[in-house]
Amino acid sequence: MRDLRPSGQIVRGADSAADAPADDVLLAMFAAGDAAAARVLTDRLGPRSYSVALRMLGNRAEAEDMTQEAMMRLWKVAPDWVAGQAKVSTWLYRVTMNLCLDRLRKQTPDRLSDVPEPEDGCASAAQKMQDEARRDALQAALSKLPDRQRQAVILRHIEELPNPEIAGIMELSVEAVESLTARGKRALTAILVGRRDELGYDDD
Amino acid sequence: MMMTDDDTQLDQLFAQARQDRPALPDDLAVRILTDAEAVRLNLTKPKRSAPRSVFRRMVEGIGGWQGLSGLAAASVAGLWIGFAAPDFLPDAATYLYGSEATFALADLDTSFLEDAE
């Protein structure tokens, strides 16, 4: 299991992931009033939510807001959580992803109010996303993918989740996920090749 | 051959991205835990029954159960005073009409009876 602990010292929960209770147990503990359970859950799940949000949006401030909101929803759902119904992490990935998709859809007016930008709002939003990701070739390429392909690729190749779990997060069949991932990878390859051509590199 | 190179490049980028996965920023962790604490305190507060009856709202209007018990005590005291007024309290009729009014009332009462007969 990867160590998902952040570098900060905020969390002093369990000594190791193996000793700590499962996510749904922690959630039940939190619902019963255990504040320490919230710290362990934040430590364990927060970075995953933040990681995918950052890759989806390409913007730190927005990714932070999405993660805060997703975690807020987790705290609120805690008393009604049915143990064994779904994995907490799957649920949180789904909520985070949906918040990101909503944000991307609403992005144009927000951006326009933030930054005085002329003409086509969609183009400027995409442009800004690319600007912020300029130093990260992968992020730049990801930002050009259709939302669903980007989701599938991030969950498969960066979060390294198994396809059935991605299917649960995206509420799709496993076959649909495989298809999205494959198309996403092909598109990314094409974008990267195009970018290389733009930059004047030659394959020969 | 070219495709393989491109795939390798993409795989390398993925590997790099996995390695560079961001830690949770400390200030974000603080924000999340602040939210958690607010929700937790709300969860552990005693629950209020959802639909509040007219009686309950009326009771709350006069200051809750303390107000209600005060009101009850005052009512009982008032009733008791009405039945058995202590000597130091004036009689209601005397208080309202004055001591002369009592006599006038008594005179009127008898004269009326005498006239009728």
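Protein chains in written order, with this note's numbering: chain V, 1 to 204; chain R, 1001 to 1117.
Cβ coordinates follow ideal geometry from the N, Cα and C atoms, glycine included.
query = What residues of chain V sit near Q1019 of chain R, judged by a beta carbon separation below 8 Å?
reply = For this step, residue 1019 of chain R is matched to residue 19 along the second sequence. By Cβ distance, chain V contributes nothing, its closest Cβ being about 10 Å from Q1019 of chain R, past 8 Å.
inquiry  = Taking CB distances under 8 Å as the criterion, tell me whether V193 of chain V reaches chain R.
reply    = For the purposes of this step, residue 193 of chain V is taken as the residue at position 193 of the first sequence. At least one chain R Cβ lies under 8 Å of V193 of chain V.
key: For L82 of chain V, the three-state DSSP class (helix, strand or coil)   = In the first sequence, the residue the question calls residue 82 of chain V occupies position 82. According to the sequence provided, residue 82 of chain V is Val. The question's Leu does not apply to it. V82 of chain V falls in the coil class under three-state DSSP.
query = Listing by chain order, which chain V residues have their CB less than 7 Å from the CB of T1044 of chain R?
reply = For the purposes of this step, residue 1044 of chain R is taken as residue 44 along the second sequence, with counting starting at 1. Near T1044 of chain R (Cβ distances below 7 Å), the residues of chain V are G33.
query = By the criterion of Cβ-Cβ separation under 9 Å, what are the contact partners of G46 of chain V in chain R?
reply = Your numbering for residue 46 of chain V matches position 46 in the first sequence. The answer, in chain order, is L1024, L1028, A1029, I1032.
D1011 of chain R versus T1044 of chain R: straight-line alpha-carbon distance, rounded = What you label residue 1011 of chain R is simply residue 11 of the second sequence in a count that begins at 1. What you label residue 1044 of chain R is simply residue 44 of the second sequence in a count that begins at 1. So the alpha carbons of these two residues sit roughly 48 Å apart.
request  = Go ahead and pull the three-state DSSP assignment for S179 of chain V.
outcome  = For the purposes of this step, residue 179 of chain V is taken as the residue at position 179 of the first sequence. S179 of chain V falls in the helix class under three-state DSSP.
request  = In angstroms with no decimal places, state the Cα-to-Cα distance between R1021 of chain R and E159 of chain V.
outcome  = Here residue 1021 of chain R refers to the residue found at position 21 when the second sequence is read from its first residue. Here residue 159 of chain V refers to the residue found at position 159 when the first sequence is read from its first residue. Roughly 9 Å separates the two Cα atoms.
Residues from the stretch 139-150 of chain V in contact with chain R, defined by Cβ distance under 7 Å = none
query = Hey, how far is the Cα of V153 of chain V from the Cα of R1018 of chain R?
reply = In the first sequence, residue 153 of chain V corresponds to position 153, counting from 1. In the second sequence, residue 1018 of chain R corresponds to position 18, counting from 1. Distance between the alpha carbons of V153 of chain V and R1018 of chain R: 12 Å.
ask   = Using a C-beta cutoff of 8 Å, does W91 of chain V count as contacting chain R?
value = As a first step, residue 91 of chain V must be located in the first sequence, where it is residue number 91. With 8 Å as the cut-off, W91 of chain V does not count as an interface residue toward chain R.
message = Using only the alpha-carbon positions, how far apart do F1055 of chain R and G1063 of chain R sit?
response = Position 55 of the second sequence, counting from 1, holds the residue named residue 1055 of chain R. Position 63 of the second sequence, counting from 1, holds the residue named residue 1063 of chain R. Straight-line Cα distance between these residues: approximately 13 Å.
inquiry  = Short of 6 Å in beta carbon distance, which residues of its chain neighbour L142 of chain V, apart from the five on each side in sequence? Order them along the chain.
reply    = Numbered from 1 along the first sequence, position 142 holds the residue referred to as residue 142 of chain V. Excluding residues within five positions, the ones whose Cβ falls inside 6 Å are R150.
query = Quick one: Cα of K87 of chain V to Cα of E165 of chain V, how far?
reply = Indexing the first sequence from 1 puts residue 87 of chain V at position 87. Indexing the first sequence from 1 puts residue 165 of chain V at position 165. Spanning the two alpha carbons is a distance of roughly 9 Å.
ask   = Can you round the beta-carbon distance between I169 of chain V and Y93 of chain V to whole angstroms, since I take them to be within the 8 Å contact cut?
value = As a position in the first sequence, residue 169 of chain V is number 169, starting the count at 1. As a position in the first sequence, residue 93 of chain V is number 93, starting the count at 1. Contact flag correct, Cβ pair sits at about 5 Å.
ask   = Would you say the stretch 30-38 of chain V touches the stretch 54-64 of chain V, given that touching needs at least three Cβ pairs under 8 Å?
value = no
query = Residues of chain V with CB under 7 Å from L1010 of chain R, in chain order?
reply = The count along the second sequence starts at 1 and reaches residue 1010 of chain R at position 10. Per Cβ cutoff of 7 Å: K185, L188, T189, L192.
Helix, strand or coil at S143 of chain V [DSSP, three-state] = Taking the first residue of the first sequence as 1, we reach residue 143 of chain V at position 143. Coil at S143 of chain V, not helix or strand.
task = Could you tell me if G1070 of chain R is buried or exposed, where buried requires 16 or more neighbouring beta carbons within 10 angstroms of its beta carbon?
result = Residue mapping note: residue 1070 of chain R aligns to position 70 of the second sequence, counting from 1. Exposed.
inquiry  = Between the alpha carbons of L99 of chain V and A1038 of chain R, how many angstroms are there, rounded?
reply    = In the first sequence, counting from the first residue as 1, residue 99 of chain V sits at position 99. In the second sequence, counting from the first residue as 1, residue 1038 of chain R sits at position 38. Between L99 of chain V and A1038 of chain R, the C-alpha separation is close to 22 Å.
key: Per-residue burial, D131 of chain V [other beta carbons within 10 Å of its own, 16 or more giving buried]   = Numbered from its first residue, the first sequence carries residue 131 of chain V at position 131. Residue placement at D131 of chain V is flagged as unreliable, the pLDDT there being 49, under the threshold of 50; a coordinate-derived value is accordingly withheld.
request  = From the DSSP output, in three-state form, read off E69 of chain V for me.
outcome  = Numbered from its first residue, the first sequence carries residue 69 of chain V at position 69. Helix, per DSSP.
ask   = Quick one: does Q85 of chain V have its CB under 8 Å from some CB of chain R?
value = Residue 85 of chain V sits at position 85 when you count from the first residue of the first sequence. Chain R, which has no Cβ nearer than 8 Å to the Cβ of Q85 of chain V, makes this no.
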